[in-house]
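So the structure is just underneath, and the comments pick up after that.
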Amino acid sequence: MKENIIPLSLIPCGKSAKVKAITAEGTLRRRMLDLGLVIDTIVKSLRKSPSGDPTAYEIRGAVIALRSEEASKIMVEPL
Amino acid sequence: MGLTSQSTGIGALKEMLDIQLNSPDDIIVALAGNPNTGKSTVFNSLTGLNQHTGNWTGKTVTTAQGYYKYKNKNFVLVDLPGTYSLLSNSVEEEIARDFICFAKPHATVVVADATCVERNLNLVLQILEITDKVVLCVNLMDEARRKKIHVDLNKLSKILGIPVVGTSARSGEGLKDLMEAVYNVSQNQIKTKPIKIRYNDSIESTIVSIENAIKGLIDDRINSRWISLKLMDEDKSILDSIDKYLGLNLTKEAGDIYRSAINNSEMDKYRFSNLRDQIVTNIVKLAENISQQVIHIENKNYNRLDKKIDDILTSKLFGIPVMIALLGLVFWITIVGANFPSEALANLLFGIEDKLTELFMAYNLPSWLHGVLVLGVYRTLAWVVSVMLPPMAIFFPLFTLLEDLGYLPRVAFNLDNFFKKACAHGKQALTMCMGFGCNAAGVIGCRIIDSPRERLIATITNNFVPCNGRFPTLIAITTIFIAGAAKGALQTIIAALTITGIIVLGVLMTLLVSKILSKTILKGLPSSFALELPPYRKPQIGRIIVRSIFDRTIFVLSRAVMVAAPAGLVIWSMANIHIGVGSLLDYGASFLNPFARLLGMDGYILMAFILGLPANEIVMPIIIMSYMASGVMIELESIEALRNLLISNGWTWLTAINVMLFSLMHFPCGTTLLTIRKETKSWKWTFISFLVPTITGIVITFTVTQTVRLLRLI
Ligand SMILES: Nc1nc2c(ncn2[C@@H]2O[C@H](COP(=O)(O)OP(=O)(O)OP(=O)(O)O)[C@@H](O)[C@H]2O)c(=O)[nH]1
Ligand SMILES: [Mg+2]
Chain A
0 MKENIIPLSL
10 IPCGKSAKVK
20 AITAEGTLRR
30 RMLDLGLVID
40 TIVKSLRKSP
50 SGDPTAYEIR
60 GAVIALRSEE
70 ASKIMVEPL
Chain B
0 MGLTSQSTGI
10 GALKEMLDIQ
20 LNSPDDIIVA
30 LAGNPNTGKS
40 TVFNSLTGLN
50 QHTGNWTGKT
60 VTTAQGYYKY
70 KNKNFVLVDL
80 PGTYSLLSNS
90 VEEEIARDFI
100 CFAKPHATVV
110 VADATCVERN
120 LNLVLQILEI
130 TDKVVLCVNL
140 MDEARRKKIH
150 VDLNKLSKIL
160 GIPVVGTSAR
170 SGEGLKDLME
180 AVYNVSQNQI
190 KTKPIKIRYN
200 DSIESTIVSI
210 ENAIKGLIDD
220 RINSRWISLK
230 LMDEDKSILD
240 SIDKYLGLNL
250 TKEAGDIYRS
260 AINNSEMDKY
270 RFSNLRDQIV
280 TNIVKLAENI
290 SQQVIHIENK
300 NYNRLDKKID
310 DILTSKLFGI
320 PVMIALLGLV
330 FWITIVGANF
340 PSEALANLLF
350 GIEDKLTELF
360 MAYNLPSWLH
370 GVLVLGVYRT
380 LAWVVSVMLP
390 PMAIFFPLFT
400 LLEDLGYLPR
410 VAFNLDNFFK
420 KACAHGKQAL
430 TMCMGFGCNA
440 AGVIGCRIID
450 SPRERLIATI
460 TNNFVPCNGR
470 FPTLIAITTI
480 FIAGAAKGAL
490 QTIIAALTIT
500 GIIVLGVLMT
510 LLVSKILSKT
520 ILKGLPSSFA
530 LELPPYRKPQ
540 IGRIIVRSIF
550 DRTIFVLSRA
560 VMVAAPAGLV
570 IWSMANIHIG
580 VGSLLDYGAS
590 FLNPFARLLG
600 MDGYILMAFI
610 LGLPANEIVM
620 PIIIMSYMAS
630 GVMIELESIE
640 ALRNLLISNG
650 WTWLTAINVM
660 LFSLMHFPCG
670 TTLLTIRKET
680 KSWKWTFISF
690 LVPTITGIVI
700 TFTVTQTVRL
710 LRLI
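Residue numbers (numbering that gives the first Met the number 0), protein chains in the order written: chain A, 0 to 78; chain B, 0 to 713.
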């Protein structure tokens with residue numbers, strides 16, 4: 000099971016994943032929680048910006064763009 | 000309660016937010032909600048005011064207030080900044096939270112997005128923890144209908160235990176019901192029974208013990224259950240606010256209260272080490288649960304069209320080209336569209352000038368009076384109006400259209416990586432876009448950037464996008480000078496391309512200078528970036544036109560006129576008061592001339608930029624007036640005449656380019672500088688914001704001029 004957990008930044012466009020842990024701390028962590036990124040939330044990677052970063056994710060019905068640094072602090076299980 | 004508002008510090012909060020009551024019986028209503036849900040639209044429809052709206056997150060950064068009357072009661076409506084939550088302590092969240100918590104509005108309206116109810120409920124539930132007097136306004140019902148998303152409002156109201164009203168604020172649908180609900184809640188005609196969020200047993204029992212310990216301290220002034228939870232969470236920002244507004248000393252005592260409470264219920268602190276996560280998870284899960292009960296999505300692919308549009312507008316291949324093409328198109332439409340009305344206005348206004356002159360002659364009025372009033376004040380005004388009004392009346396509605404559609408966040412999305420490489424914040428792209436309207440507004444907009452370092456970078460570089468005070472100068476010079484050389488349809492296309500090029504250059508300079516700042520005086524790494532890409536919304540064309548003409552165009556124009564009239568007087572006097580052989584203007588210009596020549600301009604031009612400090616709009620009029628006063632008297636009825644005037648004063652295409660470059664890159668106008676001082680609270684950063692673009696402009700024009708001369712291109 001464990002080896003299946005990867006950072007959200009590695010999820011390819013069009014694929015979904017389930018949040019398993021947030022490794023960010025402090026304000027960033029709170030921000031992520033505010034967006035509804037709690038354990039077991041399903042996140043879908045939608046598209047990358049023309050220059051490759053940030054990536055737009057669908058989170059609880061909203062589309063949110065996250066930089067790869069941020070997305071790498073969200074550990075997910077690919078679906 | 001028995002406490003006056005003064006002694007509780009609530010007066011202070013109301014003062015801080017500048018809430019003005021017409022009478023003590025006024026009913027205060029707060030408007031809270033997620034960003035971009037239509038709070039300002041609701042606010043505008045109810046109060047008849049014109050707060051800035053648009054389809055992107057974080058437009059409202061300051062609170063606004065307005066009034067409306069319903070059933071013979073006066074309501075004061077306070078438009079709060081949009082927030083996703085009240086837990087993460089950004090400035091906007093603190094403003095919103097403190098207002099709801101301490102200013103004790105008689106009712107709080109939470110505006111939610113009907114197409115994204117689940118996420119919005121998160122905030123609703125948090126607010127219900129603080130206060131009972133809440134009305135939920137589910138806005139954007141028209142968008143939900145269009146996407147076939149059904150919201151069961153009755154059921155939602157039953158579950159939440161508060162009135163729920165569905166609205167489409169833009170068309171006014173449901174606003175009457177909203178006012179009724181607000182009336183009922185604020186007048187206690189309806190007793191709300193808000194749903195309670197339950198935490199796990201150990202948290203609950205600790206809450207109870209803390210609540211008992213602090214009840215005496217805070218009386219009924221604020222919700223003690225909520226405060227207890229915040230004490231456990233050791234949320235310093237809220238404790239500070241409590242102390243400030245309620246005159247307590249909880250920050251100091253919190254530790255003791257907490258410790259004793261924990262001992263009482265034999266709890267060790269360790270168990271709550273991830274309390275914040277637990278709190279949020281509980282709320283998010285409850286929101287999810289409620290949303291599943293009340294939302295019915297008929298068509299799971301409801302946002303397919305949005306996705307298709309995004310596939311093009313943010314695609315790897317087309318994203319950036321489309322962005323630049325759109326910009327060019329906007330300028331092209333502006334230039335083509337403004338051509339004819341500008342000529343017509345100029346003919347009309349300069350025709351009036353002739354009539355005025357005749358009048359002055361007929362009454363034998365002294366010629367200096369004619370000079371000051373007609374050739375000075377009136378002529379400057381006529382120039383400003385005829386040159387500025389038509390392009391603005393076209394450019395603003397077009398820009399507002401893109402804003403209302405939801406295109407600006409896509410621009411930020413496309414450009415973010417460049418900003419990241421410049422160690423700056425992605426939202427700087429948004430503040431940059433606001434700078435197109437007005438740099439002072441752009442600087443205020445920088446508040447949406449949380450990190451102080453990145454906010455300063457955005458502030459200092461905001462001036463690299465030309466505001467509407469500078470567009471007319473750019474447009475005028477390109478049409479008169481650069482495109483004037485070409486013929487026919489090509490003319491306008493070249494003009495549009497030139498201006499687009501200038502803007503792209505401005506953006507590149509913004510990035511370059513941001514990078515340099517990040518490596519020198521504002522060292523640091525880029526902070527986090529989470530930007531919402533809202534769904535595209537159908538803009539209301541009619542309203543956009545009316546709104547952008549009345550709010551923006553008239554506002555900017557009247558400011559320009561107010562500055563231009565006295566400036567015209569001063570300039571004319573300077574050009575006509577002679578000391579010895581030359582006028583004051585001549586002395587100033589000849590002093591600046593050697594330096595200006597190095598930059599490929601002349602003393603009059605540089606002088607015009609300096610005298611144009613109060614407002615960039617008057618730079619061109621000053622240049623023209625200086626030339627005319629210094630001998631070459633011509634009528635200014637046509638663009639051709641203007642062109643001849645400039646050429647006879649030694650302008651070449653190099654001069655034109657340098658003036659445009661310098662117009663893009665020089666010190667911000669007076670208003671912007673004062674705004675920067677206000678926002679940064681520092682003269683040092685104001686001064687740096689003055690220096691950075693000025694030095695950049697000098698370096699660039701110098702390099703361009705010397706290169707061109709060296710290569711003997713001219
Ligand atoms: N279709 C539709 N659009 C709406 C409605 N209400 C608001 N809008 C649009 O939604 C966008 C956002 O509205 P605003 O009033 O600026 O939102 P806000 O909540 O004040 O946003 P922030 O100040 O950023 O927090 C604007 O483009 C509005 O024109 C509505 O009922 N229907
Ligand atoms: Mg707003």
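Here a beta-carbon is modelled for each residue, glycine too, at the ideal position from N, C-alpha and C.
At the 8 Å Cβ level, is residue i part of the contact set with chain A, yes or no?
| i | result |
| --- | --- |
| G47/B | no |
| E531/B | yes |
| D309/B | yes |
| Y406/B | no |
| R118/B | yes |
| Y83/B | yes |
| C115/B | yes |
| V123/B | no |
| N413/B | yes |
| S240/B | no |
| Y269/B | Bear in mind that the predicted position of Y269/B carries a pLDDT of just 46, short of 50, making it unreliable; the figure below should be weighed with that in mind. It does not: the Cβ of Y269/B has no partner Cβ on chain A nearer than 8 Å. |
Tell me the residue span of the alpha helix (DSSP H) that contains residue i.
| i | result |
| --- | --- |
| D112/B | That residue, D112/B, is in no alpha helix (DSSP H); its beta strand (DSSP E) goes 106-112. |
| R224/B | 223-232 |
| H369/B | 366-369 |
| L45/B | 38-46 |
| Q539/B | Here Q539/B belongs to no alpha helix (DSSP H), and DSSP marks it neither H nor E. |
| R676/B | 669-679 |
| V503/B | 488-518 |
| E453/B | 451-460 |
| E179/B | 174-185 |
Note down, in chain order, every chain B residue with its Cβ under 9 Å from the Cβ of residue i.
| i | result |
| --- | --- |
| I38/A | D276, T280 |
Please confirm whether residue i has its beta-carbon closer than 8 Å to some beta-carbon of chain B.
| i | result |
| --- | --- |
| I63/A | yes |
| P11/A | no |
| A20/A | no |
| P53/A | yes |
| E69/A | yes |
| I73/A | no |
Below 9 Å on C-beta distance, what does residue i contact in chain A?
| i | result |
| --- | --- |
| L86/B | R29, L32, D33 |
| F417/B | S50 |
| T313/B | R46, K47, S48, P49, A55 |
Anything in chain E within Cβ reach of residue i, meaning under 7 Å, just list it in chain order.
| i | result |
| --- | --- |
| A16/A | The question asks about chain E, but that chain is absent: this structure's protein chains are A and B. |
Within the continuous beta strand (DSSP E) that includes residue i, where are the two ends?
| i | result |
| --- | --- |
| Q64/B | 63-69 |
| P77/A | 73-77 |
| L530/B | 529-531 |
| S15/A | 15-21 |
| T472/B | Taken as a continuous stretch (DSSP letters only), T472/B belongs to no beta strand (DSSP E), being part of the alpha helix (DSSP H) at 470-476. |
Can you tell me the Cα-Cα spacing of residue i and residue j, whole angstroms?
| i | j | result |
| --- | --- | --- |
| L641/B | G468/B | 20 Å |
| T79/A | I73/A | Any property of residue 79/A remains undetermined from this structure, which presents chain A solely from 0 to 78. |
| M430/B | P390/B | The amino acid at residue 430/B is misidentified as Met; the sequence shows Thr. Those two C-alpha atoms are separated by around 22 Å. |
| A607/B | L556/B | 19 Å |
| K154/B | E117/B | 14 Å |
Taking C-beta pairs closer than 7 Å, name the residues in chain A that residue i reaches, listed in chain order.
| i | result |
| --- | --- |
| G318/B | P49 |
| V283/B | G35, V37 |
Can you pull the chain A neighbours of residue i, defined as C-beta to C-beta under 8 Å?
| i | result |
| --- | --- |
| F330/B | Per Cβ cutoff of 8 Å: no residues; F330/B is ~22 Å from chain A at best. |
| F727/B | No information on residue 727/B is available, as it lies outside the stretch 0 to 713 that chain B covers here. |
(message) If contact is defined by three or more beta carbon pairs under 8 Å, each pair taking one atom from either stretch, is the segment 59-75 of chain B in contact with the segment 188-204 of chain B?
(response) Judged by Cβ distances under 8 Å, the segment 188-204 of chain B makes no contact with the segment 59-75 of chain B, as fewer than three pairs qualify.
(request) Indicate whether the contact test is met: 3 or more Cβ pairs, each with one atom in the segment 29-45 of chain A and one in the segment 495-504 of chain B, closer than 8 Å. (result) Using a Cβ-Cβ distance cut-off of 8 Å, the segment 29-45 of chain A and the segment 495-504 of chain B are not in contact, since fewer than three pairs of beta carbons, one from each stretch, lie closer than that value.
(request) Flag this pair as touching only if the segment 405-417 of chain B and the segment 539-549 of chain B have three or more C-beta atom pairs under 8 Å; answer yes or no. (result) Because the criterion of three Cβ pairs below 8 Å is not met, the segment 405-417 of chain B and the segment 539-549 of chain B do not touch.
(message) Assess contact between the segment 452-469 of chain B and the segment 674-681 of chain B, defined as three or more Cβ pairs (one per stretch) separated by less than 8 Å. Is contact present?
(response) The segment 452-469 of chain B, when compared against the segment 674-681 of chain B, does touch it at the 8 Å Cβ threshold.
(request) Say whether the segment 375-387 of chain B touches the segment 504-515 of chain B, bearing in mind that this needs 3 or more beta-carbon pairs closer than 8 Å, one atom from each stretch. (result) No, the segment 375-387 of chain B is not in contact with the segment 504-515 of chain B.
(message) For the segment 611-621 of chain B against the segment 556-567 of chain B, do three or more pairs of beta-carbon atoms, one drawn from each stretch, fall closer than 8 Å, so that the two count as touching?
(response) Under the three-pair Cβ rule at 8 Å, the segment 611-621 of chain B counts as touching the segment 556-567 of chain B.
(request) Kindly confirm or deny that the segment 27-38 of chain B and the segment 80-87 of chain B touch, where touching means at least three C-beta pairs closer than 8 Å. (result) Taking 8 Å as the limit for Cβ pairs, the verdict is that the segment 80-87 of chain B does touch the segment 27-38 of chain B.
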